[in-house]
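Report on the following structure.
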Amino acid sequence: MTDPNLSMNLATLRKQYGFAEAVEACLAQGITAISPWRDQVHAIGLAEAARIVRANALRVTGLCRGGMFPAADAAGRQAAIDDNRRAIDEAAALGADCLVFVVGGLPQGSRDIAAARTMVAEGLAAILPHARACGVPMALEPLHPMYAADRSCLNTLGAALDLCAELGPGTGVAIDAYHVWWDPDLEAQIARAGREGRILAHHICDWLVPTNDMLLDRGMMGDGVIDLPQLRRWIEAAGFHGPQEVEIFSAGNWWQRPGPEVIATCLDRFHTVC
Numbered sequence: 036m037t038d039p040n041l042s043m044n045l046a047t048l049r050k051q052y053g054f055a056e057a058v059e060a061c062l063a064q065g066i067t068a069i070s071p072w073r074d075q076v077h078a079i080g081l082a083e084a085a086r087i088v089r090a091n092a093l094r095v096t097g098l099c100r101g102g103m104f105p106a107a108d109a110a111g112r113q114a115a116i117d118d119n120r121r122a123i124d125e126a127a128a129l130g131a132d133c134l135v136f137v138v139g140g141l142p143q144g145s146r147d148i149a150a151a152r153t154m155v156a157e158g159l160a161a162i163l164p165h166a167r168a169c170g171v172p173m174a175l176e177p178l179h180p181m182y183a184a185d186r187s188c189l190n191t192l193g194a195a196l197d198l199c200a201e202l203g204p205g206t207g208v209a210i211d212a213y214h215v216w217w218d219p220d221l222e223a224q225i226a227r228a229g230r231e232g233r234i235l236a237h238h239i240c241d242w243l244v245p246t247n248d249m250l251l252d253r254g255m256m257g258d259g260v261i262d263l264p265q266l267r268r269w270i271e272a273a274g275f276h277g278p279q280e281v282e283i284f285s286a287g288n289w290w291q292r293p294g295p296e297v298i299a300t301c302l303d304r305f306h307t308v309c
């Protein structure tokens, strides 16, 4: 069972395959859209990854990830900016629909989250001209507040859209079900994102109850509490009809299963649940 509206974030197959093997396994089950992570691309080499994308006419719905801007000193902040410019170049070489940003949390030893958010805004502004020149849209992904300290001080869709409005053209949002499903203002903010033309990506998985590890215990669609069909209806009503991207970090379950089984389950659940 295949569907062009399904994209496979290669984090879902991180423990089973390298880049080339993951592409082969996805193609074997009819999946022609992927979203790789930079370390997976680096492991095989950017030129070879881009060749594989072109040779198989793959759609790259996003490259993960840019970001991690806050740092304790100016040298650290500049290093992040330099790395993000390289990430933009990589996304351009792969023909990615967008570069996804996890913006970063508090610098080590800091308790000043307002300052961290300022560093994020300044870092994004510094690289935006390069992204525009390369034709790479920047997709800001708000993360669940539990990640505010170490991974992302950008925690609601509304805050991400406010930042996009500040930055201007070339920016948008990646709406990840795992991170935003709880937000009481979600429907209104998705509608706003649509009006402003900001929706660049839609990531899906499920929130398990109980959750054993907030980072590495994401659920397969249908195994948790997120109303994924409702979320899809809101996003499509807002005008986004691109592929839904399955992104599952699951150290104790799905990463332990055979790759073909994981892919087949993703396809089945996409059709029966989402």
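Going left to right, the sequence shown walks through residues 36 to 309 as our numbering numbers them. Virtual Cβ for every residue (Gly too), placed ideally from N, Cα, C. The structure presented is a predicted model; accordingly, all values stated were derived computationally and were not measured.
- Of the other Cβ atoms in all chains shown, fewer than 16 fall within 10 Å of the Cβ of Trp217; this residue is therefore exposed.
- Counting only unbroken stretches of 4 or more residues, the alpha helix (DSSP H) elements lying wholly within the segment 99 to 179 are 109 to 129, 148 to 169, in sequence order.
- The segment 197 to 217 makes contact with the segment 233 to 250; the number of CB pairs closer than 8 Å reaches 3 or more.
- When the beta-carbon positions are compared, Ser187 and Gly140 come within less than 8 Å of each other.
- Between the alpha carbons of Ala166 and Glu201 lies a gap of roughly 16 Å.
- By the CB criterion at 8 Å, Asn119 and Gly130 fall outside the cutoff.
- When Ala195, Ile234, Ala127, Leu221 are compared, the shortest CA-CA separation from Pro278 is found for Ile234.
- DSSP places Ala299 inside the alpha helix (DSSP H), whose first and last residues are 294 to 307.
- In the structure shown, Leu235 adopts extended strand secondary structure according to DSSP, grouped into three states.
- Using a 10 angstroms sphere on the CB of Asp147, the tally of other CB atoms stays under 16, which defines it as exposed.
- According to the DSSP secondary-structure assignment, Ala68 is paired through a beta bridge with Arg94.
- Listed in chain order, the non-local C-beta contacts of Pro295 below 8 Å within the same chain comprise Ala60, Ala63, Gln64, local neighbours out to five positions each way being set aside.
- Distance from the CA of Phe54 to the CA of Met43, rounded to the nearest whole angstrom, comes to 12 Å.
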